[in-house]
Amino acid sequence: MRRLPIFIVADVSESMINHLADVENGIGELISQLNMDPYALETTCLSLIVFAGKSKIIFPLTEVYKVNNSFSLPLGGGTSLGNALSCLMKEIDNNVQKNSPTSKGDWKPIVFLFTDGMPTDNYRSQVQFWKKNYSNKAHLVAISLGEQLDCSILGQLTDDIYLLKTMTASSFKEFFKWVTNSIKTNSVSVSANETNKIYLEEVSDDGPLKRINLKKDVVVKNVQDEFMYIMGKCSQRKKRFLLKYVKNKEGNQYQEVGIYQIPNEELYDELTEDVSIGQTFDTESIESYSDLSCPHCGNQTLFNLCSCGRIFCSDGESYELTCPWCGKTSDYSPADNLIIGSSLG
Ligand SMILES: [Zn+2]
Ligand SMILES: [Zn+2]
1 MRRLPIFIVA DVSESMINHL ADVENGIGEL ISQLNMDPYA LETTCLSLIV
51 FAGKSKIIFP LTEVYKVNNS FSLPLGGGTS LGNALSCLMK EIDNNVQKNS
101 PTSKGDWKPI VFLFTDGMPT DNYRSQVQFW KKNYSNKAHL VAISLGEQLD
151 CSILGQLTDD IYLLKTMTAS SFKEFFKWVT NSIKTNSVSV SANETNKIYL
201 EEVSDDGPLK RINLKKDVVV KNVQDEFMYI MGKCSQRKKR FLLKYVKNKE
251 GNQYQEVGIY QIPNEELYDE LTEDVSIGQT FDTESIESYS DLSCPHCGNQ
301 TLFNLCSCGR IFCSDGESYE LTCPWCGKTS DYSPADNLII GSSLG
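Take 1 as the starting number for the sequence shown in the working numbering and just add one per residue.
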């Protein structure tokens, strides 16, 4: 039986913090839809790879009826496209069956790769390697989630580039419906023994998904650094929180958007390139007003800045505080929602 291998390669960098549930639901729905489709059920096998600074295989290539639908997505720091590609290429080598003298191997794999930000690594050599050795062995469809990413980077990988214009629960739902329908169509065409053409469902102009033609679409938006993320730790429960900021209209300061728990801290470290590096941020660039509180303990002072370069929560009243990151105890002057300590270089 020739299988149709599908790889989903999903960005789980910090900027995905608000959208992990949408992606989880979308993939969950995709799995159950494929299980209800006789053609897909018979031919499709599925793999889910996530990446941030590093990559992780959530499940390897598995027949769709065997895929366990109850997984949860981790979060990580960084967007290493090169690392994601190298993980993908390894998985293709190890799990896609090649033709042998006695039998035909799997159909050409289809990869849906989606990412929401500029790569933070030196991805070029892996992109070149993909182009040279894999672009004829697999169909790669690249989707930019939102407009933070310069689509021409994806254009180095494939001609099939899409843009998800907005990142809302309903647009993610539409997006995964499109992925599901495209997989279904391809499983019908391979069942009819058609050759290696890929069928992607048409997208309508008023829908959330847009097909990008790099020759005629101007898609490079100058929205770099629109969002900023700062990681902190709860001094009570020793767990991490992530603060999200957006640049204000004037473009000179960041305003807070929200504060979030990290879904799985162990996997966060596993998916992050170098966890030991503290962040640098210009304290002047952050609006000092805040009505956020620690998502673990409710403390309202979030910016106790330790000399280790990390921030943590406190009740805003105690003078002597111990940094939950490095264990160092220092004196802090209690001040509500002000950035305390030495500013970072
Ligand atoms: Zn706390
Ligand atoms: Zn510290």
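Heads up, the beta-carbon is just placed ideally off N, CA and C, and yes, glycines get one too. It should be emphasised that the depicted structure is a prediction, and the values quoted were computed from it without experimental measurement.
Inset, instruction - Pick out whichever of Asp269, Asn181, Tyr332 and Ile311 has its Cα sitting closest to the Cα of Leu413. - result: Shown here, the chain extends from 1 to 345; a query on residue 413 therefore has no answer.
Inset, instruction - Return yes when at least one heavy atom of ligand 1 lies under 7 Å from the C-beta of Arg240, else no. - result: no
Inset, instruction - Measure the Cβ-Cβ separation of Arg2 and Asp106 and say whether it is below 8 Å. - result: yes
Inset, instruction - Anything with a beta carbon under 6 Å from a heavy atom of ligand 2 counts; list them all in chain order. - result: Cys306, Cys308, Arg310, Cys323, Trp325, Cys326 and Lys328
Inset, instruction - Going by DSSP, name the residue or residues bridged to Tyr199. - result: Its beta-bridge partners do not exist; DSSP assigns none.
Legend entry - Three-state secondary structure assigned by DSSP to Met89: helix
Legend entry - Integer-rounded CB distance, given that Ala142 should sit under 8 Å from Leu164: Not a contact, Cβ separation roughly 11 Å.
Inset, instruction - Using DSSP bridges, identify the partner residues of Lys56. - result: Val50
Legend entry - heavy atom of ligand 1 below 7 Å from Ser290 C-beta: no
Inset, instruction - Could you pull out every unbroken alpha helix (DSSP H) segment of at least 4 residues lying fully inside the region 233-272, listed in chain order? - result: 265-270
Inset, instruction - Could you have a look at Asn95 and say whether DSSP puts it in helix, strand or coil? - result: helix
Inset, instruction - Name the two residues that bound the continuous beta strand (DSSP E) containing Tyr162. - result: Ile161 to Leu164
Inset, instruction - Have a look at Pro263, Asp331, Phe241 and Asp274 and flag the residue whose alpha-carbon is nearest the alpha-carbon of Gln300. - result: Phe241
Legend entry - Tyr260 beta carbon less than 8 Å from that of Lys239: no
Legend entry - Reference Ile311; option with closest CA among Asn136, Met16 and Tyr229: Tyr229
Inset, instruction - Could you tell me whether any non-hydrogen atom of ligand 1 is closer than 7 Å to the CB of His296? - result: yes
Inset, instruction - Confirm the yes/no value for this check: CB of Gln300, any heavy atom of ligand 1, distance under 7 Å. - result: no
Legend entry - Cβ neighbour criterion (16 or more within 10 Å) applied to Ala169: exposed
Legend entry - DSSP bridge partner residues for Cys45 (one or two, in chain order): Pro5 and Glu63
Legend entry - Cβ-heavy atom distance, Ser330 to ligand 1, below 7 Å: no
Legend entry - Three-pair Cβ contact test at 8 Å for the region 180-188 versus the region 33-43: yes
Legend entry - Nearest-angstrom Cα separation, counted from Phe71 out to Lys132: 34 Å
Legend entry - Cα-Cα separation, Gln255 to Glu226: 11 Å
Inset, instruction - Give every residue of the same chain whose Cβ lies closer than 8 Å to the Cβ of Tyr162, excluding the five residues on either side of it in the sequence, and list them in chain order. - result: Val141, Ala142, Ile143, Ser144, Val203, Leu209, Lys210, Arg211 and Ile212
Inset, instruction - Indicate, with yes or no, if ligand 1 has a heavy atom lying under 7 Å from the CB of Ser235. - result: yes
Inset, instruction - Within its chain, find whatever has a CB closer than 7 Å to the CB of Asn83; leave out the 5 residues flanking it on each side and keep chain order. - result: Phe51, Lys54, Ser55 and Asp121
Legend entry - Cβ shell of Leu267 (< 6 Å), same chain only, five flanking positions each side left out: Pro74
Legend entry - Exposure label - Ser342; buried when at least 16 CB within 10 Å: With a pLDDT of only 35 at Ser342, under 50, the local geometry of the prediction cannot be trusted, and no value is derived from it.
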